[in-house]
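Single-structure report; data block below.
What follows is the structure in structure tokens.
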């Protein structure tokens, strides 16, 4: 029986979940993996705060060095969230040769280079299954099961808050602000929801996922990002009529040396496996040249599902003789030889408000035709007050061409109300 | 750079796929894993048979000892299928200390005990990701990512042939025989389809999956098995009207020391993630006490997807210092202390053909009521030739109670046409 001494950095929702799971599963872990995790020290901000779980008072400390610098601690779990001081603390633990398990996508996405460098230099392990999509084993799968694949595309619903909001908007026809308030009341959205609704959280996760999938660092700052704050119930309803569901997707594609990486509201066909991923569930759909299409679906957040991933990393770490496993170049720059494009190709949903007069439709189609864009579906509604709603979906087209066409269309007679990308595959 | 010498047992569709993937991905494997796989010998039945891939003639042999007994070969890949001689050959390779990677669910499900015993005794590794659901990393996930979970239930679409047939019957309203013939013509069903359509293939996979999920051996012969040969287009159509999709599911549940394990046609709500898994795709849905609901979806068969899993096992095997990883008791008997029940609980869809006369419905509901079974939905169609179709779905009920009620109902006035289990969760 091996005993591994463990320290926590932070003990909020996730930390308490890990505490609980390690305790209730102690015998199974001992029996299955011949290991015992001995939690020795827990860094908290306030030792007197009331906690969900019966964490013994004597383990709590407000002195970080008691966790990061204690030579008796073999493993450090980080549950603080945010970039700092989490990055600094993890660095310190890695420099002291400790195995670090983190659930912190932000710190990892922004500082992967220095964290990984420190791990390599000091022979420490760095594990982060819980940082992306909670219980879903997407990190392990990408690293350990898809090694013989050229992953060409991945598309994920990686943020539960926005998926909950969009699912309810779709089911109820409600407006964004209304559902957001409800989600906040239910504790499903933060009082300041910007990290979720503006797509930051999804972009951190996409940076990590696409870097692993492409074996090439895709830094956070090259990712195009558009949140859901401008999504309107009208567009969701039109999409529904045309057979599409709106999701906030994190998308990364690779074609030879050209990569695109983006987070934005996206229409997908109702028949797509991602379309039925509702509420706070997450899912990652990917395509590899050998495995073909694959999807992993599950709980992307929550105390117990995240703890499931953390404890799996702890067991995975102790089962390895060689620590760490990130194989691509450690750099916060885009890998040399790769190019990120902002001129990706997909279909586009476009909603226009046009004066109901002769020649307007001809004008619109001409503007699109000038940029080589052809139309797949077009729907025109009866004019109200002399204005008609025109909704169209294009065939495959380039982002730049569409933007150019839309700025040509936008005029006194035609207002461009919205443009939403459509991923058909 | 480490070189691993490899022998193949068999070189049909999967073997050729592995040959191709290892060759086209040689540089990436070298670069990513610092290993080179050197294929030295390939056992075939006929060295002169024309093969898809340009497998060099000089590697082929019809002498199995040249693969299993050659001390220069470190790893043996088994692609023969069937119980024998595959089991015997794998045993021999394991006894010679070789790492064995197999795609053979039948040999594994039926002879896991002796294969694993030989592996343990001789310090050999035995890997089988490709044996269950092709490219889907369900073996790795169960072992390496869900260690801290008590898996309470799993339900899978684990056979592509039957899923293809049922998907087409559902979409087209066609009859079983008709679609089966078409599937055979397209090469999607075998000339003798019984292993697929009678549920044997699914039961082999369920034996492997449930044993790993429950950390307790669930042998093949305790699994209840019912195929799709009796499925009628009429029931699929009625199910559709009630909001259910018919799938051949492999189901295993555990409640304390009681297990049920079964393969049968099953109605699931249209909104269930498994309901939209169509065509030859596979998916496994499971519930763990910590991870909550999870689903893995992908290609369950085919040359390239299966090769993706085989090569991932090869890389996984060489990355480990300790071979083998099966942690439960190696026995072909049910684990001591466990009990398999054939009195599982679920909902039931029942179709009856009743004479259109007073008192018949009262009789039916009385028979059900006598067994404590209550009705959730009931639909009665206009009588044709004095006979009415009655379709009902029960609330949660026990299998034995339903069987008892149905044999009481079945009489001169009421014929029980079909009974299909319904899994609502």
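Residue numbers (our numbering), protein chains in the order written: chain A, 1 to 425; chain B, 1001 to 1425.
Backbone N, C-alpha and C fix where the C-beta goes; we use that ideal spot for every residue, glycine too.
Partner residues on chain A for residue i, Cβ-Cβ distance less than 7 Å
i	result
residue 1090 of chain B	The contacting residues do not exist; residue 1090 of chain B stays about 22 Å from chain A at best.
residue 1072 of chain B	In chain order: nothing, as chain A lies at least about 24 Å away.
residue 1273 of chain B	276 and 297
residue 1021 of chain B	148 and 290
residue 1025 of chain B	148
Rounded Cβ spacing between residue i and residue j (contact assumed at less than 8 Å)
i	j	result
residue 312 of chain A	residue 1148 of chain B	6 Å
residue 302 of chain A	residue 134 of chain A	6 Å
residue 346 of chain A	residue 396 of chain A	7 Å
residue 1308 of chain B	residue 290 of chain A	4 Å
residue 247 of chain A	residue 274 of chain A	6 Å
residue 77 of chain A	residue 18 of chain A	6 Å
residue 1379 of chain B	residue 1402 of chain B	Contact flag wrong, Cβ pair sits at about 18 Å.
Cα-Cα separation, residue i to residue j
i	j	result
residue 62 of chain A	residue 40 of chain A	14 Å
residue 101 of chain A	residue 1145 of chain B	14 Å
residue 164 of chain A	residue 1029 of chain B	40 Å
residue 1074 of chain B	residue 1006 of chain B	6 Å
residue 1259 of chain B	residue 1221 of chain B	14 Å
residue 414 of chain A	residue 352 of chain A	7 Å
residue 160 of chain A	residue 300 of chain A	6 Å
residue 1080 of chain B	residue 1392 of chain B	46 Å
residue 1195 of chain B	residue 1201 of chain B	6 Å
residue 1025 of chain B	residue 1306 of chain B	15 Å
residue 1328 of chain B	residue 1322 of chain B	Only weak support exists for where residue 1328 of chain B lies, its pLDDT of 49 falling under 50; the value from the coordinates is given anyway. Answer to the nearest angstrom: the Cα atoms are 16 Å apart.
residue 125 of chain A	residue 1343 of chain B	48 Å
residue 330 of chain A	residue 1141 of chain B	For residue 330 of chain A, the pLDDT reaches just 47, beneath the cut-off of 50, and the residue's location in the model is therefore unreliable, although a value from the coordinates is still provided. About 27 Å.
residue 1349 of chain B	residue 208 of chain A	46 Å
residue 1014 of chain B	residue 1110 of chain B	21 Å
residue 416 of chain A	residue 241 of chain A	20 Å
Status (buried if at least 16 other CB within 10 Å, exposed otherwise) for residue i
i	result
residue 370 of chain A	exposed
residue 257 of chain A	exposed
residue 1235 of chain B	buried
residue 34 of chain A	exposed
residue 1382 of chain B	exposed
residue 167 of chain A	buried
residue 217 of chain A	buried
residue 1011 of chain B	buried
residue 1123 of chain B	exposed
residue 1237 of chain B	exposed
residue 1362 of chain B	exposed
residue 359 of chain A	exposed
residue 244 of chain A	buried
residue 1400 of chain B	exposed
residue 1280 of chain B	buried
Residue j beta carbon less than 7 Å from that of residue i
i	j	result
residue 1250 of chain B	residue 1158 of chain B	yes
residue 1287 of chain B	residue 1152 of chain B	yes
residue 95 of chain A	residue 118 of chain A	yes
residue 368 of chain A	residue 405 of chain A	yes
residue 1239 of chain B	residue 1267 of chain B	yes
residue 1037 of chain B	residue 1004 of chain B	yes
residue 1354 of chain B	residue 1390 of chain B	yes
residue 229 of chain A	residue 263 of chain A	no
residue 136 of chain A	residue 282 of chain A	yes
residue 1304 of chain B	residue 1127 of chain B	no
residue 83 of chain A	residue 65 of chain A	no
residue 1373 of chain B	residue 1394 of chain B	yes
residue 21 of chain A	residue 43 of chain A	no
residue 1284 of chain B	residue 1139 of chain B	no
Partner residues on chain B for residue i, Cβ-Cβ distance less than 8 Å
i	result
residue 224 of chain A	Within 8 Å Cβ-Cβ: nothing; residue 224 of chain A doesn't reach chain B, min ~27 Å.
residue 126 of chain A	Near residue 126 of chain A there are no residues of chain B at all, since even the closest Cβ is about 17 Å away, more than 8 Å.
Chain B residues whose Cβ lies nearer than 9 Å to that of residue i
i	result
residue 427 of chain A	Chain A is shown only over 1 to 425; residue 427 of chain A falls outside these bounds and no answer can be derived.
Under 9 Å from the C-beta of residue i: neighbouring residues of chain A
i	result
residue 1141 of chain B	137, 140, 141, 145 and 296
residue 1215 of chain B	28, 31 and 32
Closer than 7 Å at the beta carbon, the chain B residues around residue i
i	result
residue 291 of chain A	1135, 1298, 1299, 1305 and 1308
Interface partners of residue i on chain A, CB under 8 Å
i	result
residue 1160 of chain B	Result: empty, since nearest Cβ-Cβ is about 12 Å, beyond 8 Å.
residue 1312 of chain B	144, 145, 146, 147 and 148
Any non-hydrogen atom of the ligand ADP closer than 6 Å to residue i Cβ
i	result
residue 1109 of chain B	Absence of the ligand ADP is noted for the structure shown, with no ligands found whatsoever.
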